[in-house]
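*Asks:* Going down the list, the protein sequences come from chains A and B. If you're matching positions, the first sequence starts at 1 in the working numbering and goes up one per residue. If you're matching positions, the second sequence starts at 432 in the working numbering and goes up one per residue.
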Amino acid sequence: MPVLLSEFEEQETEVAMLAGMPNVRIHYIRGPIWAKTNEQIKKQVIEGKSPVTGKPAMAEMVEMLTKPLTAEEKKTGELRRDRGPATYTGTADELQKLYLEKRYTDFMPIILPTEEKVEDMLKGTSHAPDEVVGRMNPGSDAGDTWTYTVKDCAVNAVMAGAKPEYFPLILAIASGNQTSINISDNGFASAAVVNGRIRDEIGLNYDVGAVGPYAHANVAVGRAWNLISINGGNCGKIGTTYMGTVGNAQNALATIIAENEEASPFEPFAVRRSNSPAGSGYGFGNAPGGASPKYKRGDNVVTLLSGWGVLSAANWKVNAWQSLMDYPKIIKGIYEQQNPGLFGTFIILSPPIANFVKDAGFDTVEALNKYVTQPDPAAKAAAPAAKPGGRGGFGMMGGGVDLIVTGASNNNYWMAGGLRPGQAIDIDKWR
Amino acid sequence: MKRHLMMAAIGALCIGLFCSLPALNHAQAQGKRAVPAAEKITVINPMGTPPPITAKAMAEPLSTLDGKTLYLVNTGFPNTERLMEEYKKWFQANYPKTTIVDQRTGMSNLTPALKKELQEKADAVIFALGH
Chain A
1 MPVLLSEFEE
11 QETEVAMLAG
21 MPNVRIHYIR
31 GPIWAKTNEQ
41 IKKQVIEGKS
51 PVTGKPAMAE
61 MVEMLTKPLT
71 AEEKKTGELR
81 RDRGPATYTG
91 TADELQKLYL
101 EKRYTDFMPI
111 ILPTEEKVED
121 MLKGTSHAPD
131 EVVGRMNPGS
141 DAGDTWTYTV
151 KDCAVNAVMA
161 GAKPEYFPLI
171 LAIASGNQTS
181 INISDNGFAS
191 AAVVNGRIRD
201 EIGLNYDVGA
211 VGPYAHANVA
221 VGRAWNLISI
231 NGGNCGKIGT
241 TYMGTVGNAQ
251 NALATIIAEN
261 EEASPFEPFA
271 VRRSNSPAGS
281 GYGFGNAPGG
291 ASPKYKRGDN
301 VVTLLSGWGV
311 LSAANWKVNA
321 WQSLMDYPKI
331 IKGIYEQQNP
341 GLFGTFIILS
351 PPIANFVKDA
361 GFDTVEALNK
371 YVTQPDPAAK
381 AAAPAAKPGG
391 RGGFGMMGGG
401 VDLIVTGASN
411 NNYWMAGGLR
421 PGQAIDIDKW
431 R
Chain B
432 MKRHLMMAAI
442 GALCIGLFCS
452 LPALNHAQAQ
462 GKRAVPAAEK
472 ITVINPMGTP
482 PPITAKAMAE
492 PLSTLDGKTL
502 YLVNTGFPNT
512 ERLMEEYKKW
522 FQANYPKTTI
532 VDQRTGMSNL
542 TPALKKELQE
552 KADAVIFALG
562 H
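#1: Which same chain residues, not among the five before or five after residue 514 (chain B), have their C-beta less than 7 Å away from its C-beta?
#2: Does the separation of the CB atoms of residue 154 (chain A) and residue 223 (chain A) fall below 8 Å?
#3: On the three-pair Cβ rule with 8 Å, is the stretch 12-29 of chain A touching the stretch 480-499 of chain B?
#4: Taking its Cβ as the centre, do 16 or more other Cβ atoms sit within 10 Å of residue 113 (chain A), making it buried, or is it exposed?
#5: Please report the straight-line C-alpha distance between residue 281 (chain A) and residue 540 (chain B), rounded to a whole angstrom.
#6: Apart from the five residues on each side of it in sequence, which residues of its chain come closer than 8 Å, Cβ to Cβ, to residue 134 (chain A)?
#7: Should residue 253 (chain A) and residue 234 (chain A) be called a contact, given that it needs their Cβ atoms to be closer than 8 Å?
#8: Let me see if you follow: with CB-CB separation under 8 Å, is residue 477 (chain B) close to chain A or not?
#9: Would you say residue 560 (chain B) faces chain A, with C-beta separation under 8 Å as the test?
#10: Please confirm whether any heavy atom of the ligand MG lies closer than 7 Å to the CB of residue 267 (chain A).
#11: Which bits of chain B does residue 58 (chain A) rub up against, with CB to CB less than 7 Å?
#12: Could you give the C-beta distance for residue 181 (chain A) and residue 143 (chain A), rounded to a whole number, given that I count them as a contact under 8 Å?
#13: Name the two residues that bound the continuous alpha helix (DSSP H) containing residue 254 (chain A).
#14: Going by other Cβ atoms of all chains shown within 10 Å of its Cβ, with 16 needed for buried, is residue 414 (chain A) buried or exposed?
#15: Interface residues of chain B around residue 22 (chain A) at Cβ under 7 Å?
#16: Please report the straight-line C-alpha distance between residue 82 (chain A) and residue 6 (chain A), rounded to a whole angstrom.
#17: Spatial neighbours of residue 213 (chain A) within its chain, please: C-beta separation below 7 Å, excluding the five flanking residues on both sides.
#18: What residues are listed by DSSP as bridge partners for residue 337 (chain A)?
#19: Can you tell me whether residue 43 (chain A) is buried or exposed? The criterion is at least 16 other CB atoms within 10 Å of its CB, across all chains shown.
#20: Run through DSSP, which three-state label would residue 488 (chain B) get?
#21: Is the beta carbon of residue 404 (chain A) sitting closer than 8 Å to the one on residue 158 (chain A)?
#22: Taking the C-alpha atoms as reference points, what is the distance between residue 537 (chain B) and residue 545 (chain B)?
#23: What does the Cβ neighbour count give for residue 105 (chain A), buried or exposed, with the cut at 16 atoms within 10 Å?
#24: I need the boundaries of the alpha helix (DSSP H) containing residue 170 (chain A), first residue and last residue.
#25: Report the neighbours of residue 78 (chain A) on chain B: residues whose CB is nearer than 8 Å to its CB, in chain order.
#26: Along the chain, where does the beta strand (DSSP E) that runs through residue 518 (chain B) open and close?
#27: For residue 355 (chain A), which option in A:263, A:117, A:239, A:369 has the closest C-alpha, if you only look at C-alpha atoms?
#28: Assign residue 259 (chain A) to buried or exposed, taking buried as 16 or more other Cβ atoms, counted over all protein chains shown, within 10 Å of its Cβ.
#29: Can you give, in chain order, each stretch of the alpha helix (DSSP H) that sits fully within the stretch 31-78 of chain A and has at least 4 residues?
#30: Look at the Cβ atom of residue 248 (chain A), then the Cβ atom of residue 191 (chain A), and state whether they are nearer than 8 Å.
#31: According to DSSP, is residue 350 (chain A) helix, strand or coil?
#32: What number of angstroms, rounded off, separates the C-alpha of residue 566 (chain B) from the C-alpha of residue 52 (chain A)?
#33: Provide the residue span of the beta strand (DSSP E) that contains residue 190 (chain A), from first to last.
#34: Span of the alpha helix (DSSP H) holding residue 159 (chain A)?
#35: Against chain B, which members of the stretch 133-153 of chain A pass a CB distance test of less than 7 Å?
#36: Is residue 510 (chain B) close to chain A, meaning its C-beta is less than 8 Å from at least one C-beta of that chain?
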């Protein structure tokens, strides 16, 4: 019999059900136990009452160990899981309220997904409405894996306010099976980088404010990813499928970033990653689940990323300008501060900063990565030896430094953080 | 005078046209026709499909704790050793005929050796603390 903290009752009920034990007897106590003395535990837990049933705690524990199973507890076989009715009918106000209460939304008003609007959205792809697009869980075994079809994605794309021409990109993202709202107590953010002609075809912004919500396509596609995660993958539900300790503001809208390929001195992100030698040591060409296809400039590709997110980086120091700004060295410093990390170091450079990096002698991102990840001999000698069985292996998950170039040239700004590039998906397959 | 009247009429037409534009745009933005607020419409459920789950048979509880072996398995969550100490004291005081055995495991997995020991020797097991 498990003893669990009552704060997790809702989640543990769900976990037990997913494990095929919906009626398992769980004894709940009120937390925290951490840092309490024996006397406190005796008084508050042993001599206390169950925070769930109100019964004397130890009497309940003995009862759970010795009381015969009820008829309900003896039931076996397939459990009926209800996704609800196929449709809902009401006035617009009633339906907005219903979808909010059922947690079908991101807490903001939606475009109501009528059959007519969903049919229009389905015109954005040649794929059949009942084709399964993907399978998604909230990021760990704590949640189960749901499936969703092209039509399910169309419904959520309508709700997000997307246009049919965005739909192939939305389906490509959904086919990656990656939630935009991870369950982890870390509070992960998600992002997608878009390369290719589709950026202009659907009006993605890669100029001023490229990483922010300043174009309809960026916003609607990011919102659609969130809604597909919430509804298609049953993610982002506090208590069951979301446990971010302090949360992450970047979960409000999954970040859709179009790279400014034309202003970048480097090869486009997806092209560079997919053509780097396998085993190069920092993730390029090593997409999870197998090698990426080899992409070329102009190909329409979306790359999914996950991690802690990005923040405005050390752009300049007071009284330190121009020649004092050694950007490769600053990037190396950020990498060393973050390493070893779960996600490596991800940099978003504006075109001027990217050109500073190139002018500093780094013609390729691979060359920059080699410089940045080269251990400083003095720092290496001073570093404590890794403990056997320690968490050092996590550092390899993210690898080294990767970057994209986007935004405008009106000033020297850039961002850095932890985002791990994953799958690079061909968007045109979903047209 | 006629000229003044004509100018006034043109002005009124312009104001009318100007005032009607927002309403027209609003209707267009809502789709092919605006939906009156009280009209009922039908919308589609946005949820995906959950996987099927098969309920397992539960083990039959003990008829009594007397003469049985109860394992207290510490999962390693901080301070659980104190919680287990208090459980042990309580069972020893209230169920002196029950054998209490302490064990330790990881937070997310049970070692094969401990699993085998529990299957062979334990009548009941209390795992703590989960979070």
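Backbone N, C-alpha and C fix where the C-beta goes; we use that ideal spot for every residue, glycine too.
*Replies:* Let's see:
#1: In chain order, 559, 560 place their CB closer than 7 Å to the CB of residue 514 (chain B), counting only its own chain and leaving out the 5 sequence neighbours on each side.
#2: The answer is no: Cβ separation not under 8 Å.
#3: The stretch 12-29 of chain A makes contact with the stretch 480-499 of chain B: 3 or more CB pairs, one atom from each, lie closer than 8 Å.
#4: buried
#5: In this predicted model, residue 281 (chain A) has a pLDDT of only 43, less than 50, meaning its place in the structure is not dependable; the value taken from the coordinates is given anyway. C-alpha separation (whole angstroms): 31 Å.
#6: 147, 148, 174, 175, 176, 177, 232
#7: no
#8: yes
#9: yes
#10: Of the ligands one can find in the structure shown there are none, so the ligand MG has no counterpart to examine.
#11: 521
#12: About 11 Å separates the two Cβ atoms, so there is no contact after all.
#13: Careful: residue 254 (chain A) lies outside any alpha helix (DSSP H) and carries neither H nor E.
#14: The residue is buried, with at least 16 neighbouring Cβ atoms inside 10 Å.
#15: 486
#16: Spanning the alpha carbons of residue 82 (chain A) and residue 6 (chain A) requires a straight line of approximately 26 Å.
#17: If we look at residue 213 (chain A) and ignore the five residues flanking it on each side, its Cβ neighbours are 219, 253.
#18: Its beta-bridge partners do not exist; DSSP assigns none.
#19: exposed
#20: Coil.
#21: Not closer than 8 Å, so no.
#22: 11 Å
#23: buried
#24: 167-174
#25: The answer, in chain order, is 483, 484, 485, 486.
#26: From DSSP, residue 518 (chain B) is part of no beta strand (DSSP E) but of the alpha helix (DSSP H) over 511-525.
#27: A:263
#28: buried
#29: 38-41, 57-66
#30: no
#31: In this structure, residue 350 (chain A) counts as coil in the three-state DSSP scheme.
#32: Past the edges of chain B, shown from 432 to 562, lies residue 566 (chain B), and the structure says nothing about it.
#33: 189-195
#34: Run containing residue 159 (chain A): 150-160, per the alpha helix (DSSP H) assignment.
#35: 144, 145, 146, 147, 148, 152
#36: yes
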